[in-house]
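Structure first, then comments.
2 protein chains.
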Amino acid sequence: MKKINIALVGLGQIGNYLFNELNKKKKDIELKTGKKINVVAISAKNKNKKRKFKINKKIFYKNPLSIFKLKKIDILFECIGLSDGISKKVVEIALKKKIHVITPNKALISKHGDYLSKLAEQNKVNLEFEASVAGGIPILRTIKEGLATNKISKVYGILNGTCNYILTEMENSKQSFSNVLKKAQILGYAEPGNPKLDLNGYDAFAKIRILSSLSFNKNISKQNCLMEGIENIEFKDIEIADQLNFRVKLLGITELINNKLFERVHPCLVKKDSYIANVSGVMNAVILHGDPVGETVLQGEGAGPGATSSALMSDLLSILRGNIKFPFGLSNRKRKFVSSYDLNKYTNSLYFRFEVNDKPGVLSQITQSLAKRKISVERLIQIPDHKNKKASIIIITHKTNELDANKCLKLFKTNKNILKVPTRIRLF
Amino acid sequence: MKKINIALVGLGQIGNYLFNELNKKKKDIELKTGKKINVVAISAKNKNKKRKFKINKKIFYKNPLSIFKLKKIDILFECIGLSDGISKKVVEIALKKKIHVITPNKALISKHGDYLSKLAEQNKVNLEFEASVAGGIPILRTIKEGLATNKISKVYGILNGTCNYILTEMENSKQSFSNVLKKAQILGYAEPGNPKLDLNGYDAFAKIRILSSLSFNKNISKQNCLMEGIENIEFKDIEIADQLNFRVKLLGITELINNKLFERVHPCLVKKDSYIANVSGVMNAVILHGDPVGETVLQGEGAGPGATSSALMSDLLSILRGNIKFPFGLSNRKRKFVSSYDLNKYTNSLYFRFEVNDKPGVLSQITQSLAKRKISVERLIQIPDHKNKKASIIIITHKTNELDANKCLKLFKTNKNILKVPTRIRLF
Numbered sequence: 007m008k009k010i011n012i013a014l015v016g017l018g019q020i021g022n023y024l025f026n027e028l029n030k031k032k033k034d035i036e037l038k039t040g041k042k043i044n045v046v047a048i049s050a051k052n053k054n055k056k057r058k059f060k061i062n063k064k065i066f067y068k069n070p071l072s073i074f075k076l077k078k079i080d081i082l083f084e085c086i087g088l089s090d091g092i093s094k095k096v097v098e099i100a101l102k103k104k105i106h107v108i109t110p111n112k113a114l115i116s117k118h119g120d121y122l123s124k125l126a127e128q129n130k131v132n133l134e135f136e137a138s139v140a141g142g143i144p145i146l147r148t149i150k151e152g153l154a155t156n157k158i159s160k161v162y163g164i165l166n167g168t169c170n171y172i173l174t175e176m177e178n179s180k181q182s183f184s185n186v187l188k189k190a191q192i193l194g195y196a197e198p199g200n201p202k203l204d205l206n207g208y209d210a211f212a213k214i215r216i217l218s219s220l221s222f223n224k225n226i227s228k229q230n231c232l233m234e235g236i237e238n239i240e241f242k243d244i245e246i247a248d249q250l251n252f253r254v255k256l257l258g259i260t261e262l263i264n265n266k267l268f269e270r271v272h273p274c275l276v277k278k279d280s281y282i283a284n285v286s287g288v289m290n291a292v293i294l295h296g297d298p299v300g301e302t303v304l305q306g307e308g309a310g311p312g313a314t315s316s317a318l319m320s321d322l323l324s325i326l327r328g329n330i331k332f333p334f335g336l337s338n339r340k341r342k343f344v345s346s347y348d349l350n351k352y353t354n355s356l357y358f359r360f361e362v363n364d365k366p367g368v369l370s371q372i373t374q375s376l377a378k379r380k381i382s383v384e385r386l387i388q389i390p391d392h393k394n395k396k397a398s399i400i401i402i403t404h405k406t407n408e409l410d411a412n413k414c415l416k417l418f419k420t421n422k423n424i425l426k427v428p429t430r431i432r433l434f
Numbered sequence: 007m008k009k010i011n012i013a014l015v016g017l018g019q020i021g022n023y024l025f026n027e028l029n030k031k032k033k034d035i036e037l038k039t040g041k042k043i044n045v046v047a048i049s050a051k052n053k054n055k056k057r058k059f060k061i062n063k064k065i066f067y068k069n070p071l072s073i074f075k076l077k078k079i080d081i082l083f084e085c086i087g088l089s090d091g092i093s094k095k096v097v098e099i100a101l102k103k104k105i106h107v108i109t110p111n112k113a114l115i116s117k118h119g120d121y122l123s124k125l126a127e128q129n130k131v132n133l134e135f136e137a138s139v140a141g142g143i144p145i146l147r148t149i150k151e152g153l154a155t156n157k158i159s160k161v162y163g164i165l166n167g168t169c170n171y172i173l174t175e176m177e178n179s180k181q182s183f184s185n186v187l188k189k190a191q192i193l194g195y196a197e198p199g200n201p202k203l204d205l206n207g208y209d210a211f212a213k214i215r216i217l218s219s220l221s222f223n224k225n226i227s228k229q230n231c232l233m234e235g236i237e238n239i240e241f242k243d244i245e246i247a248d249q250l251n252f253r254v255k256l257l258g259i260t261e262l263i264n265n266k267l268f269e270r271v272h273p274c275l276v277k278k279d280s281y282i283a284n285v286s287g288v289m290n291a292v293i294l295h296g297d298p299v300g301e302t303v304l305q306g307e308g309a310g311p312g313a314t315s316s317a318l319m320s321d322l323l324s325i326l327r328g329n330i331k332f333p334f335g336l337s338n339r340k341r342k343f344v345s346s347y348d349l350n351k352y353t354n355s356l357y358f359r360f361e362v363n364d365k366p367g368v369l370s371q372i373t374q375s376l377a378k379r380k381i382s383v384e385r386l387i388q389i390p391d392h393k394n395k396k397a398s399i400i401i402i403t404h405k406t407n408e409l410d411a412n413k414c415l416k417l418f419k420t421n422k423n424i425l426k427v428p429t430r431i432r433l434f
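As you go down the protein sequences, you meet chains A and B in turn.
The first sequence begins at 7 in my numbering and counts up one residue at a time.
The second sequence begins at 7 in my numbering and counts up one residue at a time.
Right, dumping it as structure tokens:
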């Protein structure tokens, strides 16, 4: 039986879980691929850190780069998770040495995926990153293989489990954003140190970039587009949305509009009885529109070491079975450049929440500003806060474009009766 | 560029749509695989039948077997759809001649899949049947590849679009089974001639057998198990379910219980606010429990030529990309035999509907019979039909096993006041 040497770099929550899985599933892998895997090198900063699963200290390397000098490696797992630095370096060297690479690192792939996939192609090895998007859901494989000849027009979904957990839990527990965030950190659903990259939409946006690239057979976009997180969502918004029969969800959306690429991540108001509104907690969901397949939905655990390991192991089996593939489904030479859609044209109904001084004339100032930008009001709710002589004004507009909405929001900036930047949530 | 010769046998709704797709997607296939496909032979009974898409009559063969004599073929699509006869013969010959085979034929695979996959393995060619289960949803690929090293414990879902359409439409239009069936036949959602194989659960059961086999790395089961269709569901049942906050769905379920295989297809009462209750119309959905991935859900169009072609084409691309695979994910020599779970132990709450003469004592006879088999009543509704001196009695029981339920149902047979075999629907 052919023996395959494996190296594993990065022994955080995911790397450590994966190490255990690799050892546990050896027999199963032999059964399904006819190959015997052997983890010959592991690397992390701290050899003696307390870890959930026991590691083999005999094969431990403090410096990941020394692995390459000392061992013959066939497949390398990169589980450090940086977009640059040592993550990039390890992957680069591996590919150049004709070592297959598997990584869950969305930051790396969404930034350097084009370059790294070229390297892989040149060196005739695989670069696999199923785990980088939507955890255990095999969405990349589904796009590359299961729906291979479909013309995909749109992909959207809930791509960040941390945000979805927080939004779900705010609704269920009726608690503030910061309280729920603390809870999420304790439960391990949010980074204890710096949860910013989840909360500000960056994580979901990185995933959207990878999804676009695969769905539309194009290079990874470098353009900045619309990226908003959930940091400004207050319990008040969730409560009002609830009354209006909506739920707040952070959605990532990518589509081709007249052959222009439109990628965005932002909170949305979604109807409570819609499918996406009922994807709760840390679950992820991806919805694709393809021709001729129609609408396809995939849902599963979007994060956590179990789900992530499941995806990493599927990449491993694909390589062991001898499936040589282009990382993005077709040769880099064939991937297109697609220019970006003009964000100003993005048209939605909007939810605005204004926190104002409860003085005569304020409401009229707001509605006048809206009228100036031809934004018409569909629904208006005023919630008084008599004690503090303040009020919340919630407006649901008819459809309007980003250009007008942004110009209108600028008008409010100079209004001293509007106490903070109004909250805007787009209706989906 | 390498040229690949393709033959297509069977030009019904699916075969004809596929023929059009194969011609339409040539460029895309070249881009993704570096191979040029060419349909060199098509075969069907009637050359001149009116078809939605134009066929090339120059490559038409009335007898599918003559294709093999006249042309060099690399890949064959079998789209006739029989479980035996010419379908089996064509696939058999092709595999023996080292021709890759792709088929959406669940009847063939669920019956002869073990034998045919052995043939494929011996001849080192692929036998692909993604389209045989859940139409456009790439569920087989997901089990074989995307979730390859997961320990799957349970798979269930809505696997028959015809039944799901009928149940959904009965609820929405408040019409009888037979009226809605007629509508389904007009719309092309049910076979115009003989819809029996959809309605009696056979179609869903064939899919469940294929799913079990892949999920549990075992041979295809030959055992008969629990297979019930929706033919006995009346609008009355749907109406009462609705009042009780349930919906009726035909589910296919397979799981390993203490290493015994338990496959079944039957109508279920599912809670209205559950995910599965909200999969409507011709949609299919499959839910998997895997370790470590957790719960994974896939939903999409379960039937129709577009969705089916999407799956057939994904099989084609897999072959063209050179992915040589075992049809069931591992070598036939490694697939296990798993014995069957004892159906008598199957335990559920049950919904019974009795149609009775409205006479004193009937209700007491029914409850006595239930008590005899230690089946306790959780809920009872009696709906009088004064005009005809009849009544419907609906009973929701506490959990009981099949053995007791079946014995109890036998007791009712001799009761002349019970006018027909009681309707039983299991609660999910």
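The beta carbon of each residue, even a glycine, is placed where N, CA and C say it ideally should be.
It should be emphasised that the depicted structure is a prediction, and the values quoted were computed from it without experimental measurement.
Within 10 Å of its beta-carbon, does residue i have 16 or more other beta-carbons around it, so buried, or fewer, so exposed?
{"i": "B:Thr-302", "result": "buried"}
{"i": "B:Ile-293", "result": "buried"}
{"i": "A:His-118", "result": "buried"}
{"i": "B:Lys-378", "result": "exposed"}
{"i": "A:Asn-170", "result": "buried"}
{"i": "B:Asn-290", "result": "buried"}
{"i": "B:Thr-260", "result": "buried"}
{"i": "B:Thr-39", "result": "buried"}
Quick check: what's the CA-CA separation for residue i versus residue j?
{"i": "B:Asp-391", "j": "A:Gly-287", "result": "47 Å"}
{"i": "B:Ala-126", "j": "B:Leu-217", "result": "19 Å"}
{"i": "B:Leu-122", "j": "B:Pro-110", "result": "14 Å"}
{"i": "A:Asn-29", "j": "A:Ala-113", "result": "27 Å"}
{"i": "B:Lys-380", "j": "B:His-272", "result": "23 Å"}
{"i": "B:Leu-386", "j": "B:Ser-398", "result": "11 Å"}
{"i": "A:Asn-264", "j": "A:Lys-160", "result": "12 Å"}
{"i": "A:Tyr-67", "j": "A:Lys-77", "result": "11 Å"}
{"i": "B:Leu-349", "j": "B:Pro-311", "result": "36 Å"}
{"i": "B:Lys-102", "j": "B:Asn-44", "result": "22 Å"}
{"i": "A:Asp-297", "j": "B:Ile-12", "result": "22 Å"}
{"i": "B:Glu-237", "j": "B:Asp-209", "result": "14 Å"}
{"i": "B:Lys-333", "j": "B:Ala-154", "result": "A small fix is needed here, since residue 333 of chain B is Pro in this sequence, not Lys. Cα to Cα, the separation comes out at about 14 Å."}
{"i": "A:Lys-277", "j": "B:Leu-369", "result": "45 Å"}
{"i": "B:Thr-406", "j": "A:Val-285", "result": "33 Å"}
Which partner residues of residue i appear in the DSSP bridge assignment?
{"i": "B:Phe-343", "result": "Paired residues: none, contrary to the question."}
{"i": "A:Ala-47", "result": "A:Ala-13"}
{"i": "A:Pro-390", "result": "A:Ala-397"}
{"i": "B:Arg-385", "result": "B:Ile-402"}
{"i": "A:His-295", "result": "A:Lys-160, A:Glu-301"}
{"i": "A:Lys-224", "result": "A:Lys-342"}
Can you name, in chain order, every residue of its own chain whose Cβ lies under 8 Å from the Cβ of residue i, other than the five neighbours on each side?
{"i": "A:Ser-320", "result": "Glu-136, Pro-144, Arg-147"}
{"i": "A:Ile-65", "result": "Val-45, Val-46, Ala-47, Ile-48"}
Leaving out the 5 sequence neighbours to the left and right, which residues in its chain are closer than 6 Å to residue i when beta-carbon positions are compared?
{"i": "A:Leu-304", "result": "Ile-143, Ile-145, Val-292"}
{"i": "A:Leu-433", "result": "Leu-275, Asn-354, Ser-355"}
{"i": "B:Leu-134", "result": "Residue identity check: residue 134 of chain B is Glu in the sequence provided, not Leu. Around B:Glu-134: Ile-108, Asp-321."}
{"i": "B:Glu-307", "result": "Gly-141, Gly-142, Ala-313"}
{"i": "A:Met-233", "result": "Gly-207, Phe-211, Val-271"}
If I measure Cβ to Cβ from residue i and keep anything under 7 Å in the same chain, skipping five residues before and after, which residues do I get?
{"i": "A:Leu-318", "result": "Leu-24, Phe-83, Ile-108, Pro-110, Ala-137"}
{"i": "B:Ser-375", "result": "Cys-414, Leu-417, Phe-418"}
- Message: Would the region 56-65 of chain B count as touching the region 410-420 of chain A if we require 3 or more Cβ pairs under 8 Å?
- Response: Counting Cβ pairs under 8 Å, fewer than three are found: no touch.
- Message: Does the region 222-241 of chain B come into contact with the region 342-352 of chain B, if we say contact requires no fewer than three beta-carbon pairs (one atom in each stretch) closer than 8 Å?
- Response: With a cut-off of 8 Å, the region 342-352 of chain B and the region 222-241 of chain B count as touching, because enough Cβ pairs lie within range.
- Counting pairs of beta carbons, one from the region 307-326 of chain B and one from the region 305-324 of chain A, are three or more of them closer than 8 Å? They do not touch, by the three-pair rule.
- Message: Within 8 Å, do at least three Cβ pairs link the region 236-254 of chain A to the region 171-187 of chain A?
- Response: Contact holds: three or more Cβ-Cβ distances are below 8 Å.
- Please confirm if the region 189-197 of chain A is in contact with the region 164-178 of chain A, defined as three or more CB-CB distances below 8 Å between the two stretches. With three or more CB-CB distances shorter than 8 Å, the region 189-197 of chain A counts as touching the region 164-178 of chain A.
- Item | At least 3 beta-carbon pairs within less than 8 Å: the region 83-93 of chain B vs the region 10-26 of chain B | The region 83-93 of chain B, when compared against the region 10-26 of chain B, does touch it at the 8 Å Cβ threshold.
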